[in-house]
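Notes to accompany the following structure.
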Amino acid sequence: KAGVTQTPRYLIKTRGQQVTLSCSPISGHRSVSWYQQTPGQGLQFLFEYFSETQRNKGNFPGRFSGRQFSNSRSEMNVSTLELGDSALYLCASSSRGWGGELFFGEGSRLTVL
Amino acid sequence: AQSVTQLGSHVSVSEGALVLLRCNYSSSVPPYLFWYVQYPNQGLQLLLKYTSAATLVKGINGFEAEFKKSETSFHLTKPSAHMSDAAEYFCAVSGTETGANNLFFGTGTRLTVIP
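These protein sequence lines map, in sequence, to chains R and D.
Take 8 as the starting number for the first sequence in our numbering and just add one per residue.
Take 85 as the starting number for the second sequence in our numbering and just add one per residue.
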């Protein structure tokens with residue numbers, strides 16, 4: 008069974024631009040969640056989708072948004088990029104509705120110049 | 085609200101020595117607890133999980149963790165460190181109150197194994 012796939016793996020953007028990251032979960036997993044990882048703040052929860060519905064959202068500004076498609080694939084978008092948005096963005100999927108272990112992708116490393 | 089605290093951001097052990105990584109949790113409901121490992125430039129890999137069954141949980145790569153409710157702890161141990169264990173380790177608690185799959189992670193412990 009293929010794991011969680013995230014694209015692109017690396018990208019460089021400039022301040023003010025926007026970026027879209029993609030995540031394909033493990034087949035059959037309906038829950039997809041996103042995390043931001045930075046050296047200063049560690050791993051922070053962004054949001055979680057289950058069957059195309061956002062169920063929970065972390066404490067991030069509205070510039071961060073996401074969606075999930077009917078095939079469970081998910082995208083997250085960051086608009087008006089700031090230098091502080093430079094981070095590793097990790098996507099995770101789960102087969103359970105809650106309380107289950109998360110299976111992580113390798114992440115998309117975003118650098119904002 | 086749930087949270088975890090990892091004591092020690094860096095731990096160094098000699099190859100063959102005991103590995104002990106500490107994690108204390110805070111939760112108002114029975115927690116689901118996890119340990120993940122992250123190797124450089126990679127995502128997180130699940131080592132083990134506690135979901136209110138046996139208090140001693142065995143995971144992959146020889147790691148295990150013991151859930152101690154009285155101490156609100158879930159420390160990770162391995163009897164004999166191997167060079168390949170060098171990585172960053174994260175303890176996490178599930179946000180069971182919200183009925184969603186969000187995890188609250190600790191700040192991580194970087195394990196160095198000295199040959």
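C-beta: ideal position from N, C-alpha, C; glycine also.
- When only Cα atoms are considered, Leu109(R) and Asp169(D) end up about 21 Å apart.
- Judged by DSSP secondary structure, Met167(D) falls outside any beta strand (DSSP E); it is assigned neither H nor E.
- In this chain, the beta strand (DSSP E) harbouring Gly49(R) covers 49 to 57.
- In the three-state reduction of the DSSP assignment, Asn108(D) falls in the strand class.
- In the three-state scheme derived from DSSP, where H, G and I count as helix and E and B as strand, Asn145(D) is classed as helix.
- DSSP places Thr89(D) inside the beta strand (DSSP E), whose first and last residues are 87 to 91.
- Taking C-beta separations shorter than 7 Å and ignoring five residues to either side along the sequence, the partners of Ser111(D) in its chain run Gln86, Val177, following chain order.
- Of all residues in the stretch 114 to 125 of chain D, the ones placed with a Cβ closer than 7 Å to any Cβ belonging to chain R are Tyr116, Phe118, in chain order.
- With its beta carbon less than 9 Å from one in chain R, Gln129(D) belongs to the interface.
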